[in-house]
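Numbering (our numbering), first residue to last: 29 to 242.
Glycine included, C-beta positions come from ideal geometry on N, C-alpha and C.
This structure is a prediction, so every number in the text was calculated from the model and none was measured.
Encoded as structure tokens, the structure appears first; notes follow it.
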Amino acid sequence: MLKIPRRSIAKWSNEGIIKGLKVRFALGKHGYNYLHRIGFPVPSYSTLNKRLQGLEMNFGVISDMIELLKIKGEKMDASDKDCILSLDEMEISGNPDFDVSKRKFIGKCTLGNQKGAGNHYLVILLRGLKLKWKQVVAHEITGQVTGCQLKQLVVNVIEAVNSVGFNVVGIVSDMAAVNRSLWNSLGITVSRNQRINFTTDIKGKIIYVFADVP
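Structure representation (structure tokens):
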């Protein structure tokens, strides 16, 4: 009776996962899966996804996502790293929830002056200006947050993104009350004939601010 030997399951090191991510970012999903099918020594696509699930999604600037951005940027031209920072906020229930994986309750405010559970979830992501790509880089649970507090978060994100070679050239947000407070903190006044921009304290760089289309 013919016995087919079982395939051993490879346990990929962190270096192997990083190598796989570089190939994935360079070739896209379909190109990556093709290389894996023909025997190229990279982790399977499902293995990459499982390992990425173990990333530490700390509130504020997500350091693991910044590291992923750095890896992604190694295969990109300088102009492909020009990007827009987008702020998006959604309303949430305001009730704490139990995170089984971390064995603790989540849902308390992580940004702002409010104590207890937050009622909004803020996500900051980057979108490529020339090349089509996007990456979440920060998130917070908010309640009563000021424009100054939001401005500091935006500056922290820009500094982190710049540190890995990417270039934020603009910011886009809707005109919700909290974002209008952010605009005020950035020194932006809107009039019919005025160009909208602000200069950060990061090497005196000008970053343009736009209102999102409703």
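{"Asked": "Do three or more CB pairs link the region 105-115 to the region 129-146 at distances below 8 Å?", "Found": "no"}
{"Asked": "When the distance is taken between beta carbons, is I152 closer than 8 Å to I99?", "Found": "no"}
{"Asked": "Where does I46 sit, in a helix, a strand or coil, going by DSSP?", "Found": "helix"}
{"Asked": "Do the CB positions of K162 and K103 come within less than 8 Å of each other?", "Found": "no"}
{"Asked": "Beta carbon of M93, beta carbon of V164: below 8 Å?", "Found": "yes"}
{"Asked": "Does Y62 pass the burial test, meaning 16 or more other C-beta atoms within 10 Å, or should it be called exposed?", "Found": "exposed"}
{"Asked": "Under the DSSP definition of a beta bridge, which residues are partnered with F53?", "Found": "For F53, which the question treats as bridged, DSSP gives no partner whatsoever."}
{"Asked": "Using only the alpha-carbon positions, how far apart do G198 and Y149 sit?", "Found": "22 Å"}
{"Asked": "For K136 versus I169, is the C-beta spacing smaller than 8 Å?", "Found": "yes"}
{"Asked": "What did DSSP end up calling L153 once you bin it into helix, strand or coil?", "Found": "strand"}
{"Asked": "May I ask you to report which of helix, strand or coil DSSP gives M203?", "Found": "coil"}
{"Asked": "Go to E168, then tell me how far its beta strand (DSSP E) extends in each direction, as first and last residue.", "Found": "162-170"}
{"Asked": "Within this structure, are the beta carbons of V173 and G140 separated by less than 8 Å?", "Found": "yes"}
{"Asked": "How would you label S41, buried or exposed, when you count the other beta carbons within 10 angstroms and need 16 or more for buried?", "Found": "exposed"}
{"Asked": "Which of the three DSSP states, helix, strand or coil, is assigned to E119?", "Found": "strand"}
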